[in-house]
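For the sequence shown, my numbering gives the first residue as 115, with consecutive numbering after it. First up is the structure itself, then whatever we jot down about it.
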Amino acid sequence: YNDGNLLGLGDVLKSYNTGTDSLELELSDMKDHGTYRIVAIDHDLISFVDVDLPISQIPPVENTDEIVPLTKDNKIIWPSTKIQQAPVVLITNPKESKYGLPSKEPLDLIRKSTHIRFLVFSEYEQSQIKIKIFVDGARHPFASEYIGGNTGLPLWASLWEPNDFDDFGTHTIRVEVTAPDGQTGVGDVSFRMDNERVRINGGFGEWIIWLNISSLLRFLCVFAIVSMIVALLVPKIYVDYEKNSFDNQMESLQNRLLLYVHEIDCGIYQSIYASIQKEVYIWTHRFLQFPQVQPRTWYTCFIFLLALFNLPWFYAEFIPSGKDQGMGYFYLWGLYFKDNQWIPSDTWLYAIFELTFTVGAFILYFVWKSSDPYLFQCRGLHEDQKPKKFLYNRLWVQLLVVVYLFWRASGLVELARWYGGIWPTLIFNLLTWWLITVVIIMSYGKDGIIHLIISRNHGAEIIGPHLEICQTCSREQ
Numbered sequence: 115y116n117d118g119n120l121l122g123l124g125d126v127l128k129s130y131n132t133g134t135d136s137l138e139l140e141l142s143d144m145k146d147h148g149t150y151r152i153v154a155i156d157h158d159l160i161s162f163v164d165v166d167l168p169i170s171q172i173p174p175v176e177n178t179d180e181i182v183p184l185t186k187d188n189k190i191i192w193p194s195t196k197i198q199q200a201p202v203v204l205i206t207n208p209k210e211s212k213y214g215l216p217s218k219e220p221l222d223l224i225r226k227s228t229h230i231r232f233l234v235f236s237e238y239e240q241s242q243i244k245i246k247i248f249v250d251g252a253r254h255p256f257a258s259e260y261i262g263g264n265t266g267l268p269l270w271a272s273l274w275e276p277n278d279f280d281d282f283g284t285h286t287i288r289v290e291v292t293a294p295d296g297q298t299g300v301g302d303v304s305f306r307m308d309n310e311r312v313r314i315n316g317g318f319g320e321w322i323i324w325l326n327i328s329s330l331l332r333f334l335c336v337f338a339i340v341s342m343i344v345a346l347l348v349p350k351i352y353v354d355y356e357k358n359s360f361d362n363q364m365e366s367l368q369n370r371l372l373l374y375v376h377e378i379d380c381g382i383y384q385s386i387y388a389s390i391q392k393e394v395y396i397w398t399h400r401f402l403q404f405p406q407v408q409p410r411t412w413y414t415c416f417i418f419l420l421a422l423f424n425l426p427w428f429y430a431e432f433i434p435s436g437k438d439q440g441m442g443y444f445y446l447w448g449l450y451f452k453d454n455q456w457i458p459s460d461t462w463l464y465a466i467f468e469l470t471f472t473v474g475a476f477i478l479y480f481v482w483k484s485s486d487p488y489l490f491q492c493r494g495l496h497e498d499q500k501p502k503k504f505l506y507n508r509l510w511v512q513l514l515v516v517v518y519l520f521w522r523a524s525g526l527v528e529l530a531r532w533y534g535g536i537w538p539t540l541i542f543n544l545l546t547w548w549l550i551t552v553v554i555i556m557s558y559g560k561d562g563i564i565h566l567i568i569s570r571n572h573g574a575e576i577i578g579p580h581l582e583i584c585q586t587c588s589r590e591q
């Protein structure tokens, strides 16, 4: 079956379903990509070709306020200049083996045929175009003949002997049609005489079609939000358990992680995976430190994640023509209206994007700032070195975060622009209040902008303490 999409992936979103013995052949849209499909049936064999219009030749719409360019008396405004398009070639016999369905099409007719048949769509007369046929890369010895007659059907044929190709192999036919203006249209197919299908080799496109996108989006959303909750909750529970269960805090997991990092830096532990292990230790330490050194930020992030999981995200006008019934609540799982609910895949798609780039990115930024970099420097190894300036305190990093924040805020403004305005869509929006909270934390939280300004004025430099369980650090005390 044929269907379309707005992603411009029509050339790769093609697949064969073995369970139903059917093809899914997606097509890019006409509006944005100028793509259309020509389908022809030749003796019950279905063939098609996808054509892209020369978008650069299409003039822009003058009355941009109208969806369809119309005059005042509702007549279509056609472009003043005609598009100059290359000839379009659709080979109907032999049929492309990638899209053959032996159980549903009489593919045996290909082996019994006497002519190569193809359609040529061109603005020029049949006598003005030049046609070349190549079979397996070699010039076909027989000339092409127009057999459309007076019907106007742009049908051409050329003699061939199909038994010459009945060798259980895959062969190719290429038809080149040149118009008087020099433009050349090309059509090519791969074919077999044993009715076997040739793999489409659509790559990730076949994988995308094979997936149930709605189920995948639901899984990704739930997985993302549950993963973030677990990533916050498990370190918090473990740290509280460790405090209540062990008297010697010097042997805590945080200190052991720091020791592993020091040993890697000192060369005590050597491995080809040492750099990867070091990053794992550092980020584990940061997650363990997060609820300890930034408790208010931790609770804020945790509460917001629970709210996004259970509460409506925003209230908006989803159906402008619906009057009172057009207003609804956006939940993670769908849209809730006054007397009805709707569960489209779009909510999950929007949610996974916002969870990743608006929520998860800033939580990761806060976790990054939980462990001071000097903790990971062995004092015995770096005794003579000056303290390094924290990366997240550098001006260019702060500017990048601010720019990123404005980018995410612009998305919410655009949402309000289309679905109800500042009130209620922008004000009654959990993500809006989340970004406001992010601004406050970035300003007044750990190593925030205000703290950065104060530390610069005082010229303060933090020097890391010795790690008592690290022998190299202790030796330099």
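Built from N, CA and C at the ideal position, the CB exists for glycine as well.
Terminal residues of the beta strand (DSSP E) in which residue i lies
{"i": "K244", "result": "K244 to V249"}
{"i": "Y150", "result": "T149 to D156"}
{"i": "E365", "result": "Here E365 belongs to no beta strand (DSSP E), and DSSP marks it neither H nor E."}
{"i": "F85", "result": "Since the displayed the chain opens at 115 and closes at 591, residue 85 lies outside it and no answer follows."}
{"i": "V289", "result": "H285 to T292"}
{"i": "I477", "result": "Counting along the chain, I477 falls outside any beta strand (DSSP E), though it belongs to the alpha helix (DSSP H) covering A475 to W482."}
{"i": "D166", "result": "L159 to D166"}
{"i": "S129", "result": "K128 to N131"}
{"i": "T185", "result": "Taken as a continuous stretch (DSSP letters only), T185 belongs to no beta strand (DSSP E), as it is neither H nor E."}
{"i": "L449", "result": "L449 to F451"}
Cβ-based burial, residue i [other Cβ within 10 Å; buried from 16]
{"i": "I155", "result": "exposed"}
{"i": "V340", "result": "exposed"}
{"i": "L526", "result": "buried"}
{"i": "F476", "result": "buried"}
{"i": "L184", "result": "exposed"}
{"i": "V511", "result": "exposed"}
{"i": "G266", "result": "exposed"}
{"i": "T546", "result": "buried"}
{"i": "K186", "result": "exposed"}
{"i": "W192", "result": "exposed"}
Alpha-carbon to alpha-carbon, residue j and residue i
{"i": "G283", "j": "F305", "result": "9 Å"}
{"i": "T398", "j": "L513", "result": "27 Å"}
{"i": "Q403", "j": "P168", "result": "57 Å"}
{"i": "G124", "j": "A523", "result": "Annotation note: pLDDT 49 at G124 (below 50); position unreliable, no value reported."}
{"i": "M441", "j": "E393", "result": "47 Å"}
{"i": "S129", "j": "H147", "result": "21 Å"}
{"i": "G562", "j": "F471", "result": "21 Å"}
{"i": "V481", "j": "I466", "result": "20 Å"}
{"i": "G559", "j": "G381", "result": "36 Å"}
{"i": "A345", "j": "F337", "result": "12 Å"}
{"i": "R253", "j": "I245", "result": "11 Å"}
{"i": "Q408", "j": "Y383", "result": "32 Å"}
{"i": "F333", "j": "E138", "result": "24 Å"}
{"i": "Q391", "j": "V375", "result": "9 Å"}
{"i": "N264", "j": "Y238", "result": "15 Å"}
{"i": "L371", "j": "Y355", "result": "17 Å"}
{"i": "N131", "j": "S459", "result": "23 Å"}
{"i": "I555", "j": "T411", "result": "7 Å"}
{"i": "K212", "j": "D302", "result": "12 Å"}
{"i": "L422", "j": "W462", "result": "12 Å"}
{"i": "G296", "j": "V163", "result": "21 Å"}
{"i": "N507", "j": "L566", "result": "7 Å"}
{"i": "R151", "j": "G299", "result": "15 Å"}
Run of the alpha helix (DSSP H) containing residue i, from where it starts to where it stops
{"i": "R410", "result": "P409 to N424"}
{"i": "H229", "result": "H229 -> not in any alpha helix (DSSP H); beta strand (DSSP E) instead, spanning H229 to F235."}
{"i": "I555", "result": "L544 to Y558"}
{"i": "R225", "result": "D222 to K226"}
{"i": "V531", "result": "Before going further, note that residue 531 is Arg rather than Val in the sequence given. First-last of the alpha helix (DSSP H) with R531: L509 to W532."}
{"i": "L463", "result": "S459 to E468"}
6 Å CB neighbourhood of residue i in its chain, flanking five on each side removed
{"i": "Y443", "result": "P426, Y429 and Y450"}
{"i": "F248", "result": "R288"}
{"i": "Q242", "result": "P294"}
Beta-carbon contacts of residue i that lie in its chain and below 7 Å, excluding the five residues immediately before and after
{"i": "A530", "result": "I536, T539 and L540"}
{"i": "F401", "result": "A345, P349 and V481"}
{"i": "Q107", "result": "The question about residue 107 has no answer here: the residues shown for the chain are numbered 115 through 591."}
{"i": "P268", "result": "L233, V234, F235 and G262"}
Beta-carbon contacts of residue i that lie in its chain and below 8 Å, excluding the five residues immediately before and after
{"i": "S217", "result": "D135"}
{"i": "E259", "result": "W270, A271 and S272"}
{"i": "I59", "result": "Coverage of the chain is limited to positions 115 through 591, which leaves residue 59 absent and any answer about it impossible."}
{"i": "F360", "result": "S366"}
Identity of the residues DSSP links to residue i by a beta bridge
{"i": "R313", "result": "The partner list for R313 (beta bridge, DSSP) is empty, contrary to what the question assumes."}
{"i": "I386", "result": "In the DSSP output, where bridge partners are listed per residue, I386 has none listed."}
{"i": "T298", "result": "T292"}
{"i": "N207", "result": "R231"}
{"i": "Y443", "result": "Y429 and Y450"}
{"i": "Y260", "result": "W270"}
{"i": "S435", "result": "Looking at the DSSP assignment, S435 forms no beta bridge with any residue, so it has no partner."}
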